[in-house]
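Chains as they are written, first to last, in this note's numbering: chain A, 1 to 184; chain B, 185 to 368; chain C, 369 to 615.
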C-alpha cells in the first residue's frame, strides 16, 4: 500500500488533526516522506472526485469533508451554526491567520490596542491555540484547524490575498521596529 | 458533486453505519440512486488506491479503513490513548484534582483554553470520571480513585498544599467571571 | 471650524483614526493624520464607551497625532523617543488592509461552505481502561497548579494595570500645572527629565499640548533644536486643568 493510502487511513481513524511527527512515528517513514505522502493524498482526493479533502496547517493535517457538501453533512450531524464573530475577534483572527503565529505584543502592534482578553476568548472558543515556540520570551498564537474548517478552506494559503498580506514588507517593518523598541 | 462523493462525505462525518433510507433522505436522491452511488463509491475507493473501503451489511453502509493497515491504525489509536499525557491534559487533570468536580466550562475558564477533546481523553484513560451532580445542566468531572492511588494518596485532600490551592482567591475570581467571559 | 462627523461605534484607536481619515475622504498621510488629530482627541476625551483597559492605547495614539501636528507647526520640534516609536502612518495603512481582509474572512465564516471532521461522539468511545500517567507525582500536580494560578493573575490584574497606566496622564497634567504655578517658568526637557520610559514621555508631551490647548501655558522655542520653554499663560484660569481630562 502506498504511503498516501496509509496516511489516509491513519487520519481517518484518528478523526482529529495529526502532526507530521506522529504520522512519521506510526508509519516508520521520515518526516519528508510523510509530507510528500500528504501532498500526494491531497492531489488524489482532489483528482479522484472524493467527497473528502485534506486540511494542512503548520505541522498538522486533518481529513475532513469538502466544504461544498456542508449543508448535507450539517443536516446529518445536526450541527449547530457558528455564532457571529465580533469585530475585535474577527480582526484578531484575521491578523493571526495571515501573519501567525504572533506574540501578543506583535498582535497588539498591528491592532493598536491591548489584546489579552480577546486572545483568551479565542483560546476558549478553540479558534486559536498557543504554539510551543516562543519569541522574546513571549508565547506565540495561531489559528487552529477548527477555524480553517469553519471557513471551509484547506490551508491558510487559500485565504483571499494571502501572499500579499502574509509577505507584506510593511508589516514586517512594523514588527521589526517593535522588536527593537522592546523594553526589558 | 457526484452522489458517490456526497455519500462518502456523509459516511465519513457520521463515523458510524448509515442506512440507505437515511442517506436518501439527506441527499434527496431515491433509494436506488443511493445504492448505485454506494456501488460507485466502493469501486472508486478500490481503484484510486484509497486507504479506506466501503463495508455494506443489509441496508447499512459504513466507511472503514482497509484491513491491511489495521495494525498501523491500532498502533496510532494506542499511542493516542496510552501515550504520554500532553501538557494540556496534565493541566486539566491537575485542575480537576485540586478544584474538582468542575463542569467543562468551569475547567475551561480556569485553563483559559477549550478542553472538550482533553476531557474525553482523560475519561477514556480512566483518570477522571463524570460525577452524578450537574451544574446549570452540565456534567461535572473529578479525578478517579485509581488516579489518586497511582499518585500514592488516598484522597485529594492529601495533595500538597491542598487547602490553600483549592481555596485560592484568583481561581475563585476567575470562576465567578464565567458568565460574563463566556460571551465573546 | 472643523465639521464634526458622526462616528460609528469604534473598536480601538486605529479603528477610530481610520474612520476619521476616511470620512475626510483623505488618503493616509502625515497631513491627513494632522488634520484629524484634534477630532481624535475630542472623541477620546470623556468618551464613556472606551473600556478603561483600552484608554491608555487611545492616549498613546493621541500623543503621536499631537506630535505629528506640532511638528508641522514647529518644524524644529524633535523628540527622540517619539521618533523611535513605530510610525503611525505605516501602522494605520497596515491596519486598513487587515480591516479589508477581515471582511472577507467574515464572509467565509458566515457563508455556507464549511468542512466537518468525523463525529467525535462516535469515534471517541473506546475505553482504554485505567492508564496511569508515567512519571507524574503529587508534586508534579502541585507545580502545575501553581503555574495555572500564576497564569490567571495577569488576567485579573489587567483592568487595574491599564487604569494605572491611563491615570498617569492626569498626574502629569497636575504635576506640570503645579510646577508652572510654583516657578512660573519651566522647560519641556526639565519636565520629561524624570520620565521612566517612553509612555511617560508621550504622556508628558500630550499633557503639555493639552495645557497649551486649554490656554494654561504658552510654549516658546528660541532656535531650532533648542529646548521648548513653557510659561504660565497670563489668563490661565485658577481651576485644575486635569479636571477637564477625565480618565
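Glycine included, C-beta positions come from ideal geometry on N, C-alpha and C.
Checklist entry - Which chain D residues sit within Cβ distance under 7 Å of residue 344 of chain B? => result Any reference to chain D falls outside this structure, whose protein chains are A, B and C.
Item to check | For residue 283 of chain B: DSSP bridge partner residues | outcome: Locating residue 283 of chain B in the second chain gives position 99, counting from the first residue. Under DSSP, no beta-bridge partner is assigned to residue 283 of chain B.
Checklist entry - From the beta carbon of residue 384 of chain C, is the nearest beta carbon of chain B less than 9 Å away? => result Counted from its first residue, the third chain places residue 384 of chain C at position 16. No, because no Cβ of chain B sits closer than 9 Å to the Cβ of residue 384 of chain C.
Item to check | Three-state secondary structure (DSSP) of residue 348 of chain B | outcome: Taking the second chain and counting its residues from 1, one reaches residue 348 of chain B at position 164. In the structure shown, the three-state DSSP call for residue 348 of chain B is helix.
Checklist entry - If the cut is a Cβ gap below 8 Å, which residues of chain A does residue 459 of chain C touch? => result Here residue 459 of chain C corresponds to residue number 91 of the third chain, with the count starting at 1. By Cβ distance, chain A contributes 109, 110, 112 and 174.
Checklist entry - Opposite residue 53 of chain A in the DSSP bridges: which residues? => result As a working note, residue 53 of chain A is residue 53 in the first chain. As computed with DSSP, residue 53 of chain A is found in a beta bridge with A:64.
Checklist entry - Comparing alpha-carbon positions, which option in C:521, C:462 and C:406 lies nearest residue 208 of chain A? => result Residue 208 of chain A is absent from the structure shown; chain A starts at 1 and stops at 184.
Item to check | Proximity test, Cβ basis, 9 Å: residue 240 of chain B and chain C | outcome: What you label residue 240 of chain B is simply residue 56 of the second chain in a count that begins at 1. No, residue 240 of chain B does not count as interfacial toward chain C.
Next on the checklist: Quick check on the DSSP output: the beta strand (DSSP E) that includes residue 143 of chain A runs from which residue to which?
Outcome noted: Locating residue 143 of chain A in the first chain gives position 143, counting from the first residue. From DSSP, the beta strand (DSSP E) with residue 143 of chain A extends over 138 to 143.
Item to check | the stretch 66 to 81 of chain A / the stretch 33 to 42 of chain A touching (three or more Cβ pairs under 8 Å) | outcome: With the cut-off at 8 Å, the stretch 66 to 81 of chain A and the stretch 33 to 42 of chain A do not touch.
Checklist entry - Pick from A:49, A:5, A:53 and A:29: whose alpha carbon is nearest that of residue 197 of chain B? => result Locating residue 197 of chain B in the second chain gives position 13, counting from the first residue. The shortest Cα separation from residue 197 of chain B among A:49, A:5, A:53 and A:29 belongs to A:53.
Next on the checklist: Let me confirm a value: residue 138 of chain A is counted as buried when at least 16 other C-beta atoms fall within 10 Å, else exposed. Which label applies?
Outcome noted: If you number the first chain from 1, residue 138 of chain A lands on position 138. In this structure residue 138 of chain A is exposed. Its beta-carbon is surrounded by fewer than 16 other beta-carbon atoms within 10 angstroms.
Next on the checklist: Short of 8 Å in beta carbon distance, which residues of its chain neighbour residue 194 of chain B, apart from the five on each side in sequence? Order them along the chain.
Outcome noted: If you number the second chain from 1, residue 194 of chain B lands on position 10. Here the set comprises 202, 207, 210 and 211.
Item to check | Run of the alpha helix (DSSP H) containing residue 481 of chain C, from where it starts to where it stops | outcome: What you label residue 481 of chain C is simply residue 113 of the third chain in a count that begins at 1. Per DSSP, residue 481 of chain C belongs to no alpha helix (DSSP H) and is neither H nor E.
Checklist entry - Roughly how many angstroms separate the alpha carbons of residue 163 of chain A and residue 380 of chain C, rounded to a whole number? => result Here residue 163 of chain A refers to the residue found at position 163 when the first chain is read from its first residue. Here residue 380 of chain C refers to the residue found at position 12 when the third chain is read from its first residue. Taking the straight line from one Cα to the other gives about 27 Å.
Next on the checklist: Tell me which residues share the same chain as residue 186 of chain B and place their Cβ nearer than 6 Å to its Cβ, disregarding the 5 neighbours each side in the sequence.
Outcome noted: Here residue 186 of chain B is taken as the residue at index 2 of the second chain, counted from 1. None.
Checklist entry - Candidates A:156, A:130, A:114 and A:129: which alpha carbon is nearest residue 425 of chain C's? => result Walking along the third chain from the start, residue 425 of chain C turns up at place 57. Nearest option by C-alpha distance: A:114.
Checklist entry - Since residue 306 of chain B contacts residue 265 of chain B with CB under 8 Å, what's their CB separation in whole angstroms? => result As a working note, residue 306 of chain B is residue 122 in the second chain. As a working note, residue 265 of chain B is residue 81 in the second chain. Contact doesn't hold; Cβ gap of about 11 Å is too wide.
Checklist entry - Just reading off the beta strand (DSSP E) that residue 396 of chain C is part of, what are its end residues? => result Your numbering for residue 396 of chain C matches position 28 in the third chain. Where residue 396 of chain C is concerned, there is no enclosing beta strand (DSSP E), because DSSP gives it neither an H nor an E.
Checklist entry - Mapping DSSP to helix, strand and coil, what is residue 134 of chain A? => result Walking along the first chain from the start, residue 134 of chain A turns up at place 134. Note: residue 134 of chain A maps to strand in three-state DSSP.
Next on the checklist: Residues in the same chain with beta-carbon distance under 6 Å from residue 8 of chain A, minus the five sequence neighbours each way, listed in chain order, please.
Outcome noted: Translated into positions along the first chain, residue 8 of chain A becomes position 8. The residues are 41.
Checklist entry - What number of angstroms, rounded off, separates the C-alpha of residue 191 of chain A from the C-alpha of residue 94 of chain A? => result The question about residue 191 of chain A has no answer, for chain A in this structure spans 1 to 184.
Checklist entry - Would residue 117 of chain A pass as a contact of residue 523 of chain C if the rule is Cβ separation under 9 Å? => result Against the first chain, residue 117 of chain A aligns to sequence position 117. Against the third chain, residue 523 of chain C aligns to sequence position 155. Yes. Within cutoff.
Checklist entry - With a cut-off of 9 Å, does the C-beta of residue 95 of chain A fall near any C-beta of chain B? => result Along the first chain, one-based indexing puts residue 95 of chain A at 95. At a cut-off of 9 Å, the C-beta of residue 95 of chain A has no neighbouring C-beta in chain B.
Checklist entry - According to the Cβ coordinates, are residue 342 of chain B and residue 326 of chain B closer than 9 Å? => result As a working mapping, residue 342 of chain B is identified with position 158 in the second chain. As a working mapping, residue 326 of chain B is identified with position 142 in the second chain. No, the Cβ-Cβ distance between residue 342 of chain B and residue 326 of chain B is not below 9 Å.
Next on the checklist: Quick check on residue 233 of chain B - is its C-beta less than 9 Å from some C-beta in chain A?
Outcome noted: Reading the second chain from its first residue, position 49 is the one you call residue 233 of chain B. At least one chain A Cβ lies under 9 Å of residue 233 of chain B.
Checklist entry - Taking only beta-carbon atoms, is residue 249 of chain B less than 9 Å away from chain C? => result Along the second chain, read from residue 1 onward, the residue named residue 249 of chain B stands at position 65. Using a CB distance cut-off of 9 Å, residue 249 of chain B does not count as an interface residue toward chain C.
Checklist entry - Is residue 481 of chain C closer than 9 Å to residue 67 of chain A when the C-beta atoms are compared? => result Along the first chain, read from residue 1 onward, the residue named residue 67 of chain A stands at position 67. Along the third chain, read from residue 1 onward, the residue named residue 481 of chain C stands at position 113. The answer is yes: Cβ separation under 9 Å.
Checklist entry - According to DSSP, what are the bridge partners of residue 19 of chain A? => result Position 19 of the first chain, counted from the first residue, corresponds to residue 19 of chain A. For residue 19 of chain A, the beta-bridge partners assigned by DSSP are A:60.
Next on the checklist: Can you pull out the residues from the stretch 404 to 424 of chain C whose beta carbon lies closer than 7 Å to at least one beta carbon of chain A?
Outcome noted: Going along the stretch 404 to 424 of chain C in chain order, one finds 421 and 422 with a Cβ nearer than 7 Å to chain A.
Checklist entry - According to DSSP, is residue 379 of chain C helix, strand or coil? => result Position 11 of the third chain holds residue 379 of chain C. Collapsing the DSSP output to three states places residue 379 of chain C in coil.
Next on the checklist: Please state the DSSP three-state secondary structure of residue 209 of chain B.
Outcome noted: In the second chain, the residue the question calls residue 209 of chain B occupies position 25. Residue 209 of chain B falls in the helix class under three-state DSSP.
Checklist entry - Which class does residue 268 of chain B belong to by DSSP, given the choice of helix, strand or coil? => result Within the second chain, numbered from 1, the residue matching residue 268 of chain B stands at position 84. Of the three classes helix, strand and coil, the one that applies to residue 268 of chain B here is coil, per DSSP.
Checklist entry - According to DSSP, is residue 418 of chain C helix, strand or coil? => result The residue labelled residue 418 of chain C in the question sits at position 50 within the third chain. Residue state for residue 418 of chain C is assigned as coil, using DSSP reduced to three classes.
Next on the checklist: Distance check for residue 520 of chain C and residue 294 of chain B, CA to CA, integer angstroms please.
Outcome noted: As a working note, residue 294 of chain B is residue 110 in the second chain. As a working note, residue 520 of chain C is residue 152 in the third chain. Approximately 8 Å between the Cα atoms of the pair.
Checklist entry - Are the C-beta of residue 323 of chain B and some C-beta of chain C separated by less than 9 Å? => result By one-based count along the second chain, residue 323 of chain B stands at place 139. Output row for residue 323 of chain B: interface = no.
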